[in-house]
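Comments concern the structure below.
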Amino acid sequence: MAQTEKKGGLLRKSSASKKPLKEKVVLMYDEIFTTEDPSKCNPRFWEELFLMKVNLEYLEGKLEALDGEELMKIKDNINCLFQHCIQALGEEHPIRVVNALQTLCALIRGVHQKNKSTSGFDIINMLVGFDKAELCMKNLMESLDSLLCAEGSESLKSLCLKLLLCLVTVTDNISQNTILEYVMINSIFEAILQILSSPLSRREHGYDAVVLLALLVNYRKYESVNPYIVKLSIVDDEATLNGMGLVIAQALSEYNRQYKDKEEEHQSGFLSALTNMVGSMFIADADEKISVQTNEAILLALYEAVHLNRNFITVLAQSHPEMGLMTTPTSPIPMTPVTPLGTTPPSSDVISSAELPLDADVQTGNLLITFLKYSSIVMQDTKDEHRLHSGKLCLIILTCIAEDQYANAFLHDDNMNFRVNLHRMPMRHRKKAADKNLPCRPLVCAVLDLMVEFIVTHMMKEFPMDLYVRCIQIVHKLLCYQKKCRVRLHYTWRELWSALINLLKFLMSNETVLLAKHNIFTLALMVVNLFNMFITYGDTFLPTPSSYDELYYEIIRMHQNFDNLYSMVLRLSTNAGQWKEPASKVTHALVNIRAIINHFNPKIESYAAVNHISQLSEDQVLEVVRSNYDTLTLKLQDGLDQYERYSEQHKEAAFFKELVRSISINVRKNLAFNTLSQELLLKEFSTIS
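Using UniProt numbering, you'd call the opening residue of the sequence shown number 1 and step up by one each time.
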C-alpha cells in the first residue's frame, strides 16, 4: 500500500506519479505571500490560520527565499500577520496562543535573516510598520508578561521565553537590535524574577530566564541607561536571589558532572589501551582530548549578578535548602533536544530529581564551590578560544569576589570549612592527589589553590599573560584583606612562594620570545611586590612566626633566581630601550629581597665554615635566620597594600562585547526548529472548548 510522506509542507504519495498536495497551512502561507489581502476572499482567514499547526520551516524558508524588493511588496500582509499574532496571544484557547507564538518566532527570524544588511528600523517597519510599532510592541510585551506571570500552562511559559530569546538574539550584536528598545520600555524584569522565585517555574524555565536576563542586561550597557541593569542592581528579595543562584549552580554542576563522567570514561578506556603500550609519552596527549563544551551564557549571568548586585554575594556561600526535596512536576514539560552545554539548560531528568545535586566530595554544596570546580576545569586548557574566554571570565568573577568585603569575610571564616576537590591538570612530574585526603579549610584556601594551580600549569610558549596578571591580582587582593583584618590563614604558603619563584624563572628563561609579545616586567613587578607584601606585613597575617621564617628560607634557598632577575632588569634599565622604565621599577622593587639575600647568605656561609658542614639542613638555615633578624635593615615600601579596583567599562568593554556576540550566536543556534516542537504542546492542549 502506498505510504503517505510529509516534507516541506507537501503531502505526497510515495508512488509519486501525481502532483504533490500541499497541507492547508502551507496554502494559507502562500496566500499571505501575495500582494492581495488574504482575508478579502475569506473573512475567517486569520481565525482559521491560528488553528492550523505551524510549519516553521516552510514559513521561514519562504521569507528567506524572497529578495528585499519582493518582501516590500507583501509588507502589508506581513504587518497584518504580525498584528494578528499579537491579537491571538490574548485568546482563551491555548492552541491559538501556541501557534501565534511560534509564528512570531518564524516571522522575526525570517525577516531578520533576509535583512541582515539593513538597519534595525527597516526591520521594525517590515514586521509591524512604523506607525503601529509602539502600540503593537507594547501589546506584545504586555501579553508575554501576562503569560509568564499567569498560573496557567508551563508549556506556554516555555514558549514565551523561547520567543523572547529569539527576539533578543536575532542579531549577532544585540546592541544593534533596535527591537530591543521596546523590550527596554516595556520591561519583563518582574516576570523573570517571578520565575526565579517560584520553585516549580524555576525548575522548568530558570535556565532560559537567567540567560535572557544576562543578555538583556548587556543591551547598549555603555551607551544608555539600561533599566535591566538598574533593576538587577537593587534586587534584595532573598527567594529570588537564591533562585537565581540555584539555576546557575545547577548548570555549572551539570557541566562538572559531564566532565567527570568523560574523564572517568576516558581513563578506563585509556588504561586498558595502555597495557599494550610501553612508556608514558602518550599520557598528556590523551588527557587533552577530554573536553565538554563550556557554558559562557550561564557564566555571564553569574558575573552580572556578582558585579551588579552586592546582595547576591550572600548567595555564593549559602547551602541550598531545597536540595533533594523537589518532586517531579505534574504538568508536562516541553522537551528540548540534547545539545552541547554551551547555551542549553541541564537535562530535565537531572533537575527533576534535585535542583542541585551535592558534589560527592563536599559535605554541603554552595554556588562558590561549584563555581571553583568549574573554573578549575575550564582554566586547564586555554588554547581553545571558548575556554580562554571562559577562563578569563572566571578570573574576572573571582576578582569581583576578592574585592568585596562581605565575600572576604565568609571566604576567610574559620567556622565555614569545606573540602573542595579542584581538578588538576595531569602532569608527568607530579602524582594525582587523592581526593579523600583533602582537608576541610576556609574557602579562600580553595581560591588560592586554584591560583597556584594556574600559575604552575600555564608556563608555555603561547603564554596567557592577561590571565596571569589577573591571577596575581586576585592573590594580592586576598592578601590585602588578610593584612587589613589581621586574618592569620593556615595555608601552605610555601606552595604559592614556590610557584611565584618558578614563574619568575620562566619569564627570565624565555625573555626574548616573551618580550616580542608582552611587557613581562608588569607581571614580574607584581610577583616581586607579592613577596614584598609578605616581607613587610607577613608578621600580621602569616599563621605562625615559623611561617615568616620559612618565607626567608625560601627566598634564600632560591636566591639565584632573584639574582638573575636583578641582573636582567639592571641590564635593560641601563639601556635606552623601550623597556628602560618598566625594568627600572622591578630593580627598585627588589631592594628588600636583595637586602635579605645579601644579609643572610654570608651568615649562613660563616655558620657552615665554623661548624665544618658542607651542606646545611633546613633547620640549621632557619636557626641562622632567627638569630640574625635584629641586624637586618629593610626599607619601608609604600602602596604595597593598595590596588586599583576592577572597572568593566574602561578596561573590559571590548571583551564583553565579543563574549555577548558569541553567546547570542550560540543561543540562536540552539533555538532550532525542534526546540519549538509542538508534539507535547498539542497533547497538553488536546481539547478546545
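In this text, a Cβ means the ideal position worked out from N, Cα and C, and glycines have one as well.
So, are the CB atoms of LEU213 and GLY206 less than 8 angstroms apart? no
Which class does ASN564 belong to by DSSP, given the choice of helix, strand or coil? helix
Rounding to the nearest angstrom, what Cα-Cα distance links PHE463 and GLU385 in this structure? 14 angstroms
LEU215, enclosing alpha helix (DSSP H) - first and last residue: 199 to 217
By how many angstroms is the C-alpha of VAL210 removed from the C-alpha of PRO227? 16 angstroms
Rounded separation between TYR481 and THR540 - CA only: 11 angstroms
Quick one: Cα of LEU159 to Cα of ILE174, how far? 21 angstroms
What are the residues that DSSP puts in a beta bridge with ARG441? PHE418
Output the distance between the C-alpha atoms of LEU438 and GLU223, rounded to the nearest integer angstrom. 48 angstroms
State the Cα-Cα distance for the pair ASN670 and GLY243, rounded to the nearest angstrom. 24 angstroms
Would you mind giving the Cβ-Cβ distance between TYR29 and LYS62, rounded to the nearest angstrom? I have them listed as a contact below 8 angstroms. 6 angstroms
Give me the residue from GLY129, LEU104, ALA150 and PHE410 with the minimum Cα distance to ILE167. The amino acid occupying residue 167 in the given sequence is Leu; Ile does not appear at that position. Cα-wise, what sits closest to LEU167 is LEU104.
Counted within 10 angstroms of its Cβ, other Cβ atoms place HIS588 as buried (16 or more) or exposed: exposed
Of all the options GLU263, GLN318, HIS307 and VAL513, which has the alpha carbon lying nearest to the alpha carbon of GLU403? HIS307
Expressed to the nearest angstrom, what Euclidean distance is found between the alpha-carbon atoms of ALA106 and LEU659? 26 angstroms
Mark GLN250 as exposed unless 16 or more other C-beta atoms lie within 10 angstroms of its C-beta, in which case mark it buried. buried
Quick one: what's got a C-beta closer than 7 angstroms to ILE665's C-beta in the same chain, skipping five residues either side? ASP172
My understanding is that VAL569 touches VAL586, with C-beta atoms under 8 angstroms, so please give their C-beta distance in whole angstroms. 4 angstroms
DSSP on ASP172, reduced to helix/strand/coil? coil
DSSP-derived helix/strand/coil call for THR492: coil
According to DSSP, is SER143 helix, strand or coil? helix
Indicate whether LEU232 and VAL247 have their beta-carbon atoms separated by less than 8 angstroms. no
Exposure of CYS85, with buried meaning 16 or more beta-carbon neighbours within 10 Å: buried
Among the candidates MET451, ASN561 and HIS650, whose CA atom is the shortest distance from the CA of CYS394? MET451
Round the Cβ separation of GLN642 and ASN532 to the nearest angstrom and send it over; I've been treating them as touching at under 8 angstroms. The Cβ separation is near 12 angstroms, so there is no contact.
Comparing alpha-carbon positions, which option in GLU92, GLN102 and VAL98 lies nearest GLU57? GLN102
Assuming LEU632 is part of the alpha helix (DSSP H), what are its boundary residues? Careful: LEU632 lies outside any alpha helix (DSSP H) and carries neither H nor E.
Close-in-space but distant-in-sequence residues of the same chain around MET465 (CB under 7 angstroms, 5 per side omitted): HIS518 and LEU523
Are ILE179 and ILE124 closer than 8 angstroms when you measure CB to CB? yes
Would you mind stating whether PRO94 and LEU156 have Cβ atoms separated by less than 8 angstroms? yes
Cβ neighbours of ASP361 in the same chain (closer than 8 angstroms, five flanking residues each side left out): Note that ASP361 scores 43 on pLDDT, short of 50, meaning its location in the model is unreliable and no value can be drawn from it.
Assuming GLU296 and HIS412 form a contact by the criterion Cβ under 8 angstroms, report the distance between their Cβ atoms to the nearest whole angstrom. At roughly 30 angstroms, the Cβ-Cβ gap does not stay under 8 angstroms, so GLU296 and HIS412 are not in contact.
In its own chain, which residues sit with a C-beta less than 6 angstroms from the C-beta of LEU51, not counting the 5 before and 5 after it? none
Element boundaries [alpha helix (DSSP H), containing ARG661]: 653 to 670
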